[in-house]
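Asker: This is the structure I want to talk about, given as structure tokens.
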Amino acid sequence: MTMLKIFLTIVMLSMFASSSFAKKPRKPPGVIVGWRYVPAPVQATFQSHVDGGKVKEVQKETAANGAVFYSAEVKGTDGMWMKIYVTDTGTFMKTEPDNARNKRKHKPLFGG
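Anchor point for the sequence shown: position 31 equals 30 in numbering that gives the first Met the number 0, and the numbering is continuous, going up by one each time.
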């Protein structure tokens with residue numbers, strides 16, 4: 000009987016421990032929007048801030064206060080990725096490097 004209690008105790012503790020080590024939920028990403036559905040003022044602002052790079056993906060997001068904005072992932076001419084944030088009226092908000100994508104950059108296996 001004591002072996003059964005010990006076994007059940009271990010099982011219960013492992014169940015509680017596994018949930019405490021789980022990853023925290025991520026912020027839900029915005030909705031991916033096709034380029035033709037992005038408003039013209041937003042497109043113009045993106046094009047003026049890409050510096051010769053190419054817009055690869057645009058997401059429509061909503062802030063906590065209900066404001067709608069667009070974020071674009073841009074691959075620069077130097078191969079580095081950056082994110083550009085623009086309001087739904089076309090007002091530029093900010094630019095930041097996409098560090099997660101820049102760190103995943105392919106490194107050669109041999110000789111490099």
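Note that CB positions come from ideal geometry on N, CA and C, so glycine has one too.
Since the structure is predicted, the reported quantities are computational estimates derived from the model, not experimental observations.
Do three or more CB pairs link the stretch 51 to 67 to the stretch 76 to 87 at distances below 8 Å?
Answerer: yes
Asker: By Cβ distance below 6 Å, which residues in the same chain neighbour proline 96 in space, the five residues on each side in sequence not counted?
Answerer: Met81
Asker: What do you get for alanine 71, buried or exposed, if any count of 16 or more other CB atoms within 10 angstroms of its CB means buried?
Answerer: Residue environment for alanine 71: buried (at least 16 other C-beta atoms within 10 angstroms of its C-beta).
Asker: Measuring CB to CB, does threonine 94 end up less than 8 Å from histidine 48?
Answerer: Using a Cβ distance threshold of 8 Å, threonine 94 and histidine 48 count as a contacting pair.
Asker: Between the C-alpha atoms of glycine 29 and alanine 62, what's the straight-line distance to the nearest angstrom?
Answerer: 10 Å
Asker: Quick one: give me the first and last residue of the alpha helix (DSSP H) that proline 40 is part of.
Answerer: 39 to 48
Asker: Going by DSSP, name the residue or residues bridged to isoleucine 114.
Answerer: The question about residue 114 has no answer here: the residues shown for the chain are numbered 0 through 111.
Asker: What first and last residue would you give for the beta strand (DSSP E) that runs through threonine 61?
Answerer: 53 to 61
Asker: Pop quiz: aspartate 87 and valine 67 are said to be a contact at Cβ under 8 Å. What is the actual Cβ separation, rounded to whole angstroms?
Answerer: Going by Cβ atoms, the distance from aspartate 87 to valine 67 rounds to 4 Å, so yes, they are a contact pair.
Asker: Rounded to whole angstroms, how far is the Cβ of glycine 89 from the Cβ of valine 41, which I believe are closer than 8 Å?
Answerer: Contact flag correct, Cβ pair sits at about 5 Å.
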